[in-house]
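In the numbering used here, the protein residues as written are 1098 to 1556.
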């Protein structure tokens, strides 16, 4: 549609919905495609990139030529509204395009998307996901052409039914095969990508998770690689993390002592569930879990949706978008997910009283969450007063911290004490040697693999 308006207020500058061009050309068409693939936008032709009107020679015939060129260059063809306006006495052409319902729109075989005030070429993954979202489907819903129903472990489907029935008023009584059909995991004798990942009999590179216990960024003390089904991965990942973090016991007068972990386990579970459910399984990258002395990081392939920022994620002011609808539905049905979009808030709340807050960041084409261990101050404040005051000089805070850390974990290493107490390992070793000479503590067993014992009574 071609309109003619005498005057209009010019936007302050380029943005997600505004582009300035001095003349019509392929960059104008690329911008229109980028707007169509996002939430729509407008190109002002006759304005330089500083926002100053320079004008452009236009006529009814010019507009028709531009319209034909845009239609012939784009696929599916798009037709913008074109308007002639006058700004500061200069003729300016305004080309507006709404968000296109069938995405993505290509310009000479290339796909563009608007991000900020510039156009970006879409990756293959972005093109695929954009197309799937158009039809309200996700990658996991589509048929797996590499695997058949024979690759599905029906015993795992039975376990899923048992998990689901614990959360249902009316239990599932169908056979495993019928359950797959009802959840559209199997259609016309063929299984979906999600079905295979959830209930596979063997292993798959697609679901690979790398886990490591790191002493430093380059020194690995332990590591495993998972390639199994997604339900099993939840427990496997959490088991590995629990193996490599510490816990203590607090006596509060209750019949049983309270077990307190270095990290809140519910929050760690939420992080693991988010990683599995929201992972981009079309990416060649793996999910990577790293456990360090003072923090844990979880990297997951797949960036946030284009209309969602880290700030929005933390604030909670957003609408949850599911990358893998089938996987998310099955996890929710099994009772592993309570409510879509509430996980980040629960993670932040769980760490609110432990010191440093979690870090959420987009990095290397993926999303990473980093959580931090409680500080030595947090640990010591919760340790029940013991025999320390009888065996070390009063007022020596460092000595008290070290003895308390040994009391709560007899297998603790000098490096771990140093990290928790915020002092050098050399200083820790000096205290340990002094305590042993004074008969305050003793080390039982070999240097590596032994344990500490605090002697409660002194002569």
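Positions of the beta carbon are idealized from the N, C-alpha and C atoms, including for glycine.
Fair warning: this is a prediction, and the values are worked out from it, not measured in the lab.
Got a sec, what are the start and stop residues for the beta strand (DSSP E) residue i sits in?
| i | result |
| --- | --- |
| residue 1209 | 1207 to 1212 |
| residue 1300 | Run containing residue 1300: none; DSSP gives neither H nor E here. |
| residue 1531 | Counting along the chain, residue 1531 falls outside any beta strand (DSSP E), though it belongs to the alpha helix (DSSP H) covering 1522 to 1534. |
| residue 1318 | 1317 to 1323 |
| residue 1181 | 1178 to 1184 |
| residue 1310 | 1306 to 1311 |
Do you know how far the Cα of residue j is from the Cα of residue i?
| i | j | result |
| --- | --- | --- |
| residue 1382 | residue 1303 | 9 Å |
| residue 1417 | residue 1109 | 32 Å |
| residue 1541 | residue 1530 | 14 Å |
| residue 1191 | residue 1160 | 10 Å |
| residue 1114 | residue 1156 | 25 Å |
| residue 1479 | residue 1500 | Per-residue confidence for residue 1479 stands at a pLDDT of 43, beneath the threshold of 50, marking its modelled position as unreliable; no derived number is given. |
| residue 1552 | residue 1498 | 16 Å |
| residue 1207 | residue 1218 | 7 Å |
| residue 1440 | residue 1368 | 8 Å |
| residue 1547 | residue 1508 | 7 Å |
| residue 1395 | residue 1166 | 47 Å |
| residue 1174 | residue 1134 | 13 Å |
| residue 1272 | residue 1319 | 41 Å |
| residue 1234 | residue 1148 | 41 Å |
| residue 1356 | residue 1521 | 29 Å |
In the DSSP assignment, find the alpha helix (DSSP H) that holds residue i and state where it starts and stops.
| i | result |
| --- | --- |
| residue 1427 | 1422 to 1430 |
| residue 1291 | 1290 to 1296 |
| residue 1444 | 1440 to 1447 |
| residue 1456 | Careful: residue 1456 lies outside any alpha helix (DSSP H), inside the beta strand (DSSP E) at 1456 to 1460. |
| residue 1517 | 1511 to 1518 |
| residue 1168 | 1157 to 1170 |
So for residue i, helix, strand or coil by DSSP?
| i | result |
| --- | --- |
| residue 1546 | coil |
| residue 1465 | strand |
| residue 1340 | helix |
| residue 1141 | strand |
| residue 1276 | helix |
| residue 1331 | helix |
| residue 1259 | helix |
message: Under 8 Å, with one C-beta from each stretch per pair, do the stretch 1243 to 1257 and the stretch 1217 to 1230 reach the 3-pair mark?
response: As far as the Cβ criterion goes, the stretch 1243 to 1257 does not touch the stretch 1217 to 1230, which means the pair count is below three.
Every unbroken alpha helix (DSSP H) within the stretch 1190 to 1256, with a cutoff of 4 residues, ordered by chain: 1221 to 1231
field: Uninterrupted beta strand (DSSP E) stretches inside the stretch 1343 to 1420 (no shorter than 3 residues)
entry: 1344 to 1347, 1355 to 1358, 1384 to 1388, 1392 to 1398
message: Quick check for students: name the residue ranges of the beta strand (DSSP E) that lie wholly in the stretch 1102 to 1129, counting only runs of 3 or more.
response: 1115 to 1118
- request: Take every Cβ of the stretch 1304 to 1317, pair it with every Cβ of the stretch 1261 to 1278, and state whether three or more of those distances are shorter than 8 Å.
  value: no
- prompt: Touch check for the stretch 1124 to 1131 and the stretch 1193 to 1212: three-plus C-beta pairs under 8 Å?
  reply: yes
task: Inspect the CB distances between the stretch 1321 to 1337 and the stretch 1453 to 1465 and report whether three or more fall short of 8 Å.
output: no
- request: Would you check if there are 3 or more beta carbon pairs closer than 8 Å linking the stretch 1304 to 1311 to the stretch 1272 to 1290?
  value: Taking 8 Å as the limit for Cβ pairs, the verdict is that the stretch 1272 to 1290 does not touch the stretch 1304 to 1311.
- prompt: Would you call the stretch 1384 to 1404 and the stretch 1287 to 1303 touching, i.e. three or more CB-CB distances under 8 Å?
  reply: no
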